[in-house]
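Just below is one structure, and these are the notes that go with it.
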Amino acid sequence: MDTFHPGFSSWLNAPAHQQWLAAEGLRLLDFAKASKLPEGFGNLDERGHLPVNAQAETMNTARMTHSFAMAHIQGLPGFAELVDHGIAALRGPLRDALHGGWFAAAGHRDDNTGKNAYLHAFVALAASSAVVAQRPGAQALLDDAIDIIDRYFWSEEEGAMREFFNRDWSEEEAYRGANSNMHATEAFLALADVTEDPRWLIRAQRIVERVIHGHAAANGYRVIEHFDRDWQPLRDYNHANPADGFRPYGTTPGHGFEWARLLLHLEAARVQAGMLTPGWLATDAQKLFENNCRHGWDVDGAPGIVYTLDWDNQAVVRHRLHWTHAEASAAASALLKRTGEAQYETWYRLFWEFCETHFIDRCDGSWHHELSPQNLPSADIWLGKPDLYHAWQAVLIPRLPLAPSMATALAQVSRPAPV
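Under my numbering, the first residue of the sequence shown carries the number 3, and numbering increases by one thereafter.
This is the structure:
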């Protein structure tokens, strides 16, 4: 942030805004503490309580562990034990001790014994952040996660992640997904910092080249989410189930914003590492942001970003999800820092004003996770308030450089200045 000097007054340089972001982060963290279960972390309801039937899930446990690790790295007391709890859960009841990898739920009590790339990317991210936080058992968890990614999920031939296997890894789904590869890109940026191994930045760029510089760029910078095993687009995928929480039909503007930010992190990381860095990373990030603002924001007569669009840019699922707006805000801040252009300041302020007005719940805590097309709290797609990760990162990213990755950047900020 010390090198960000735009030719206008920016919220990113305003002490009051920085204080507001920090205070909102503390509020989010305090709410999320209640998600602790004996076997990991569970999904909180709208009032911040665990339902009677709550069970530990790998996705939320990994995201909470990652988030609590970043809180601990900053010097916030009360989070070390929660990080350790997450590590123990990921090394214990959530892990498949027989065949390796991670179940979606502890003891696969959801009757799903498959292995999903999306979840394994989050385990790697959580482990890397826990290593930066210097928590016991974190390195062993990271080594395990890297081994599983290398052995099963990463395809050197494709330059991308395979999607899904059965329990003993003998059968593979004939599907490729942009979402899992997006979160693998995020994890790989963190792994590059923690391991000091450039192969993770090479892999991240190969994913981006395929999913964004190849497919999305040829599709008007709208991210194609679903592919067959040969990376041919499946444009009608889930047409009958358009509001699926992880594989919705059509294109998802929120992922366009998320990819835009990740491209800028990748560019900055490669520059920092002294690697050859293509100029299209920044150009593609700007075009992703521009096109998803144009087609996703205020497209149905009400403010906010719709969940999904069809291939004619018509809104399909008009609900507004909190993670989409968190990612839009984070992408605007990243582009603002990268370019210094006033248009991104305008969007950044607009997104935060919308979040404060509609998503941030000052009564019951955290954020409403979903709004109806009329911008009223709803729960048609997502129940309760289980997610800390997106909103917490949205209040961190404006306060950090584009590289290194968040946990490492926070650790560097916390180190004493040389004398």
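Backbone N, C-alpha and C fix where the C-beta goes; we use that ideal spot for every residue, glycine too.
Residue i (DSSP reduced to helix, strand or coil)
i	result
Phe167	strand
Ala262	helix
Trp156	strand
Trp325	helix
Ile209	helix
Leu236	coil
Ala16	coil
Lys339	helix
Lys387	coil
Ala107	strand
His228	strand
Gly27	helix
Trp313	coil
Phe353	helix
Glu48	coil
Glu59	strand
Met3	Low local confidence applies: a pLDDT of 44 at Met3 is under 50, so the model's placement there is unreliable, with the coordinate-based value given in what follows. Here Met3 sits in coil by DSSP.
Arg401	helix
Arg93	helix
Ala176	coil
Residue nearest to residue i in terms of C-alpha spacing, selected from the options
i	options	result
Arg205	His215, Leu23, Ala186 and Asn62	Ala186
Gly102	Arg153, Ile75 and Leu78	Arg153
Tyr177	Leu14, Phe190, Asn240 and Arg224	Asn240
Leu278	Glu329, Thr285 and Leu268	Leu268
Trp282	Leu290, Ala275 and Gly276	Leu290
Leu412	Asp195, Met163 and Leu84	Asp195
Tyr251	Val319, Lys35 and Ile75	Val319
Thr310	Pro400, Ala123, Pro388 and Asp246	Asp246
Leu143	Asp238, His68 and Ala287	His68
Asp47	Pro400, His392 and Ser380	Ser380
Met61	Glu173, Ala129, Arg164 and Ala218	Ala129
Gly80	Val133, Val210 and Phe70	Phe70
Ala393	Pro375, Glu41 and Cys357	Cys357
Gly88	Tyr120, Phe353 and Ala126	Ala126
Ser172	Leu390, Gly44 and Gly116	Gly116
His395	Glu26, Trp156 and Phe229	Position check: residue 395 holds Gln in this sequence, whereas His was assumed. The shortest Cα separation from Gln395 among Glu26, Trp156 and Phe229 belongs to Glu26.
Glu260	His324, Gly161, Ala90 and Asp312	His324
Glu198	Arg272, Leu373, Trp156 and Asp366	Arg272
Within 8 Å, strictly: CB atoms of residue i and residue j
i	j	result
Leu100	Thr63	no
Ser131	Met72	yes
Phe124	Arg65	yes
Arg249	Trp233	no
Pro400	Leu23	yes
Ala275	Pro375	no
Ala336	Arg263	yes
Arg29	Asp98	no
Cys295	Trp349	yes
Asp300	Ala317	no
Ser182	Ala242	no
His122	Ile151	yes
Asp314	Ala219	no
Ala162	Ile226	no
Contacting residues, own chain, Cβ-Cβ under 7 Å from residue i (five flanking each side not counted)
i	result
Arg111	Gln57
Arg340	Leu266, Ala284 and Leu404
Ala332	Arg263, Gln395, Ala396 and Ile399
Glu2	Given that the chain is displayed from residue 3 to residue 421, the structure contains no residue 2 and the question cannot be resolved.
Asp312	Gly252 and Val318
Proximal residues to residue i (C-beta, below 6 Å), its chain only, five neighbours per side dropped
i	result
Thr326	Gly256 and Ile307
Val415	none
Ser407	Leu191, Ala192 and Asp195
Met3	Summary for Met3: the model assigns pLDDT 44, below 50, so the residue's position carries little reliability; its value from the coordinates is reported in the next sentence. No residues qualify anywhere along the chain.
Ala34	Leu390
Neighbourhood of residue i by C-beta, 8 Å cutoff - its chain only, sequence neighbours within 5 removed
i	result
Ala36	Leu46, Gly50, His51 and Leu52
Asn377	Ala304, Pro305, Gly306, Arg322 and His360
Gly77	Ser416
Ile75	Ser131, Val134, Ala135, Ala409, Leu412, Ala413 and Ser416
Asn293	Gly222, Tyr223, Arg224 and Gly258
Gln288	Ala262, Leu337 and Thr341
Phe10	Ala344 and Glu347
Leu92	Gly42, Thr60, Thr63, Ala64, Thr67, Trp104, Val125, Ala128, Ala129 and Leu143
Ile383	Ala245, Gly247, Tyr309, Val319, His321, Leu323 and Glu372
* **Length-filtered (4 minimum) alpha helix (DSSP H) runs lying within the region 236-309** => Correct list: 255-274 and 282-298.
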